[in-house]
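Below is one structure, written out as C-alpha cells; the observations come after it.
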Amino acid sequence: MENWTTRFTKAKMTRRSFLKFIGGASLGSMAVTIVACSTEAAEGRVPIDPDNPSIVRDDQKCILCGQCLEACEKVQSVYGYYDLPIKKNIICVNCGQCSLWCPTAAITERDDIDKVVAALENKDIHVVVQTAPATRVALGEEFGLVPGSIVEGQQVAALRELGFSAVFDTNYSADLTIMEEGTELVKRIQGMKDFPLPQFTSCSPGWVKFCEYYYSDLIPHLSTAKSPQQMLGALVKTYYAKEKGIAPEKIISVAIMPCTAKKFECLRPEMNSAGVLHGKPQIRDVDIVLTTRELARLMKRKGLDLNALEDAAYDRIMGEGTGAGVIFGTTGGVMEAAVRSAYYLITHEDPPETLLNLAPVRGLQGVKEATVTIPGVGPFSVAVCHGLKNSRVILDEIQAGKSRWQFIEFMSCPGGCAGGGGQPRTSLQPSDEVRQARIASLYRLDGKIYKKRLSYQNQKVQALYQNYLDHPMSELAEKLLHTHYTDRSKELSVKRKFIKRDTT
Numbered sequence: 018m019e020n021w022t023t024r025f026t027k028a029k030m031t032r033r034s035f036l037k038f039i040g041g042a043s044l045g046s047m048a049v050t051i052v053a054c055s056t057e058a059a060e061g062r063v064p065i066d067p068d069n070p071s072i073v074r075d076d077q078k079c080i081l082c083g084q085c086l087e088a089c090e091k092v093q094s095v096y097g098y099y100d101l102p103i104k105k106n107i108i109c110v111n112c113g114q115c116s117l118w119c120p121t122a123a124i125t126e127r128d129d130i131d132k133v134v135a136a137l138e139n140k141d142i143h144v145v146v147q148t149a150p151a152t153r154v155a156l157g158e159e160f161g162l163v164p165g166s167i168v169e170g171q172q173v174a175a176l177r178e179l180g181f182s183a184v185f186d187t188n189y190s191a192d193l194t195i196m197e198e199g200t201e202l203v204k205r206i207q208g209m210k211d212f213p214l215p216q217f218t219s220c221s222p223g224w225v226k227f228c229e230y231y232y233s234d235l236i237p238h239l240s241t242a243k244s245p246q247q248m249l250g251a252l253v254k255t256y257y258a259k260e261k262g263i264a265p266e267k268i269i270s271v272a273i274m275p276c277t278a279k280k281f282e283c284l285r286p287e288m289n290s291a292g293v294l295h296g297k298p299q300i301r302d303v304d305i306v307l308t309t310r311e312l313a314r315l316m317k318r319k320g321l322d323l324n325a326l327e328d329a330a331y332d333r334i335m336g337e338g339t340g341a342g343v344i345f346g347t348t349g350g351v352m353e354a355a356v357r358s359a360y361y362l363i364t365h366e367d368p369p370e371t372l373l374n375l376a377p378v379r380g381l382q383g384v385k386e387a388t389v390t391i392p393g394v395g396p397f398s399v400a401v402c403h404g405l406k407n408s409r410v411i412l413d414e415i416q417a418g419k420s421r422w423q424f425i426e427f428m429s430c431p432g433g434c435a436g437g438g439g440q441p442r443t444s445l446q447p448s449d450e451v452r453q454a455r456i457a458s459l460y461r462l463d464g465k466i467y468k469k470r471l472s473y474q475n476q477k478v479q480a481l482y483q484n485y486l487d488h489p490m491s492e493l494a495e496k497l498l499h500t501h502y503t504d505r506s507k508e509l510s511v512k513r514k515f516i517k518r519d520t521t
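Going by the numbering used here, the final residue of the sequence shown carries number 521, and the count climbs one at a time with no gaps.
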C-alpha cells in the first residue's frame with residue numbers, strides 16, 4: 018500500500034491541494050521523511066540557523082508545505098534574493114512572518130519564558146518589563162477576545178501578578194524616539210547634520226537588517242535613533258537605576274513585543290550603551306524579549322486569565338505615553354507621529370488638524386505617499402512602506418537618484434507592528450481583516466482615549482530632558498539613545514532585483 022508521501026509525489030499536487038490533502042493526516046506519520054534537517058534548504062521550506070535567536074523549527078511538525086517560503090520570498094523578498102559566498106550562511110532578517118504562515122506551528126519564536134521565570138524567582142534581581150503599543154490590541158486574542166480588543170490595563174495587571182518589580186510603557190520611549198528622530202530630521206532638512214536625505218526610520222529591526230544586507234550603501238540614510246525598546250532599555254539601567262538607587266547589574270530588563278526580530282535586536286553587540294556608560298560593557302540594555310504569544314503562554318502557565326483581571330496602571334516614572342507613541346504600532350504611525358513633532362520643532366506651534374489625522378499614510382496599501390506643508394520648509398514629501406518586498410521599489414528609486422522624498426518610514430511586517438511575527442496566530446495566511454482590527458484600535462487610542470496626541474507634550478519625557486538628558490541629541494542622548502549599523506552585504510551577493518510595486 019502506498020503511503021501518503023508516495024501518492025503526493027505521483028499526484029504532483031498544488032500547494033493548496035496538498036494542504037487540503039494532509040489536513041487530517043497525523044504529524045507523526047509525516048515526520049519520518051523530514052526529521053533532522055532543520056538547517057537544510059529543503060525544497061518546500063526555508064532554512065533556519067540553529068543559533069537563530071528569533072525563530073526555531075520543530076522538524077516533527079514540518080510538512081514541507083512551502084508556506085514559509087511563500088512568506089520569506091514573496092512577501093518579504095529575502096529568500097531567493099541572494100547567492101551565498103559561503104554555503105553554510107543562512108540569511109534571515111528575523112521578522113518571524115514565516116511563523117505566522119506555518120499551518121502546523123512547526124516554526125515558532127525561540128521560547129525565552131524560562132529565562133524570565135528564573136529571573137522573577139531570583140530575589141536578588143530587580144526585574145522590570147516594558148510593553149509595546151501593538152501588544153495591547155492583540156494579547157486578548159489569546160484569551161478568546163475579538164481581534165483589536167484593547168487590554169492595556171489588564172496586561173499591566175497580569176505583569177504585576179507575575180511579579181515584575183516595575184511595568185513601563187514603550188509608548189513613553191516611542192515619544193522619546195520621536196523627539197530624537199524628529200530633531201535629527203530637522204537637522205538634516207536644515208543642513209545641520211552631515212547625513213543625507215531622505216531620512217529612513219530605524220525602529221523596525223527586521224527592516225534595519227534587511228537594509229544592512231541588501232542596500233548597505235543606503236545605511237547613512239537610516240536615522241541613528243534607537244528603537245523605543247532599546248531606548249527604554251538604556252534608560253532603565255541609567256536614569257531609572259539612578260532614581261531608585263539600584264545597581265544596573267542587579268536589574269533584568271524584559272520587553273514584551275509583537276516582534277520576533279526584537280529578540281535579535283537586543284543582542285546586537287552595540288546595544289549595551291548603559292553598560293558602556295557604567296564601564297561595564299557586559300551589561301545589556303535589554304536582557305530578554307518575549308513575544309505577545311509568549312506572554313500569553315506564561316500567563317496561562319501561572320494560571321492567570323486576562324479576562325478576570327482588573328485594570329492596573331504603568332509605573333509613573335516611565336509610564337506616560339501619548340497617541341503619537343501608540344500609533345507606532347501601525348504602518349504609517351511612526352511617520353504621522355514624526356511629522357506632528359517635526360512641525361512643532363520647526364515652527365514652535367502645534368500642528369494643524371490635518372497632521373493629526375494624516376489620511377494618506379494610513380491604511381494597508383503597500384506603499385503610501387503624502388506631501389505636507391511646513392512653514393519655513395515648504396512642501397515636504399514622505400513615503401511609507403510595509404512588508405519588505407514593497408521597500409525594494411522605493412530603495413531602488415533612491416539608488417537610481419530618483420528620490421522625491423525627505424522622510425520614509427519602513428516596517429518589516431505587513432501592517433507594521435500590529436502584524437508582527439510575534440503576534441497571535443489567528444488565520445492562515447495572516448489576514449488583513451485581523452491586522453485592520455488591531456490598527457483601528459490603535460487609532461482609537463490615539464484619537465479618542467489618550468488625552469495627548471503629541472510626543473513633545475509627554476510630561477515624563479520633558480522631565481527626562483530637564484533632569485537627565487538636557488535636550489534631544491545632547492551628548493548624553495547620543496551615547497544612550499543613538500546607535501550605528503553594520504554593512505552585511507559582504508555576506509551575500511544579490512541574486513534578483515524586484516521591479517514591480519505591490520499596491521495591494
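We put the beta carbon where it would ideally sit given N, CA and C, even for glycine.
Does the region 117 to 135 come into contact with the region 62 to 71, if we say contact requires no fewer than three beta-carbon pairs (one atom in each stretch) closer than 8 Å? yes
Between K477 and the rest of its own chain, which residues show a CB-CB distance below 8 Å, the 5 nearest in sequence each way excluded? Y189, R333, I334, M335, G336 and E337
Does the beta-carbon of P369 have 16 or more other beta-carbons within 10 angstroms, so that it is buried, or is it exposed? When all chains shown are included, P369 counts as exposed.
Which residue from G161, D141, V173 and V163 puts its Cα closest to that of Q147? Across the set G161, D141, V173 and V163, the C-alpha of V173 shows the shortest separation from the C-alpha of Q147.
Between which residues of its own chain and G61 is the CB-CB distance below 6 Å, once the five residues before and five after are set aside? Only L81 and G83 meet the Cβ criterion.
Compare the beta carbon distance of M10 and Q247 with 9 Å and say whether it is the shorter of the two. In this structure the chain extends from 18 to 521, so residue 10 is not present and cannot be described.
When you compare only the Cα positions, how much space is there between R505 and L176? 37 Å
On the criterion of 16 or more Cβ atoms from any shown chain inside 10 Å, does N365 qualify as buried, or is it exposed? Going by the sequence as given, residue 365 is His instead of Asn. That one is exposed.
Reduced DSSP secondary structure (H/G/I, E/B, other) of S182: Annotated three-state conformation of S182 is coil, per DSSP.
Spatial distance of L326 from L252 (CA atoms): C-alpha of L326 to C-alpha of L252: approximately 29 Å in a straight line.
Which residue comes first and which comes last in the alpha helix (DSSP H) that contains A291? S290 to L294
Using CA atoms only, rank isn't needed, just tell me which of P215, V134 and A149 is closest to F181. V134
Nearest candidate by alpha-carbon position, reference K254, set M209, L179, I65 and H143: The shortest Cα separation from K254 among M209, L179, I65 and H143 belongs to H143.
Since E366 is in the beta strand (DSSP E), which residue starts that stretch and which ends it? No beta strand (DSSP E) contains E366, which DSSP labels as neither H nor E.
Taking the continuous alpha helix (DSSP H) assigned at M316, which residues delimit it? T309 to R318
With which residues is G395 paired in a DSSP beta bridge? I391
According to the Cβ coordinates, are G383 and S116 closer than 9 Å? no
Would you report the Cα separation of G113 and S166, rounded to the nearest angstrom? 23 Å
When DSSP builds the beta bridges, which residues end up paired with L239? Within the DSSP bridge table, the entry for L239 names F217 as partners.
Would you mind stating whether C228 and F212 have Cβ atoms separated by less than 9 Å? no
Below 9 Å between beta carbons: does that hold for G404 and C430? yes
Would you mind stating whether G342 and S219 have Cβ atoms separated by less than 9 Å? no
Evaluate E426 with the Cβ neighbour count: other Cβ atoms within 10 Å of its Cβ, from every protein chain shown; 16 or more gives buried, anything less gives exposed. buried
By Cβ distance, which residues of its chain are closer than 6 Å to V306, with the 5 residues on each side in sequence left out? Excluding sequence positions up to five before and after V306, its CB lies within less than 6 Å of the CB of A272, M274, K279, K280 and C283, all in the same chain and listed in chain order.
In angstroms with no decimal places, state the Cα-to-Cα distance between A58 and Y231. Confidence at A58 is low in this model, with a pLDDT of 49, below 50, so the placement of that residue should be treated as unreliable; the coordinate-derived value is given next. Approximately 20 Å between the Cα atoms of the pair.
Do you know whose CA, among M428, V410 and D141, lies nearest G350's CA? Closest by C-alpha distance to G350, out of M428, V410 and D141, is M428.
May I have a chain-ordered list of the alpha helix (DSSP H) segments no shorter than 4 residues that lie completely inside the region 128 to 193? 130 to 138 and 169 to 179
Spatial neighbours of A183 within its chain, please: CB distance less than 6 Å, with the 5 preceding and 5 following residues excluded, ordered by chain position. V145 and D332
Pull up the distance between the alpha-carbon of M47 and that of D75, whole angstroms please. With a pLDDT of only 33 at M47, under 50, the local geometry of the prediction cannot be trusted, and the value read off the model is given with reservation. So the alpha carbons of these two residues sit roughly 13 Å apart.
Which residues bound the alpha helix (DSSP H) around R461? D449 to R461 is the span of the alpha helix (DSSP H), which, as asked, contains R461.
Compare the beta carbon distance of P164 and T187 with 9 Å and say whether it is the shorter of the two. no
Have a look at Q93, S270, A122 and A359 and flag the residue whose alpha-carbon is nearest the alpha-carbon of N111. Q93
Could you please give the first and the last residue of the uninterrupted alpha helix (DSSP H) stretch that includes F227? P222 to Y231
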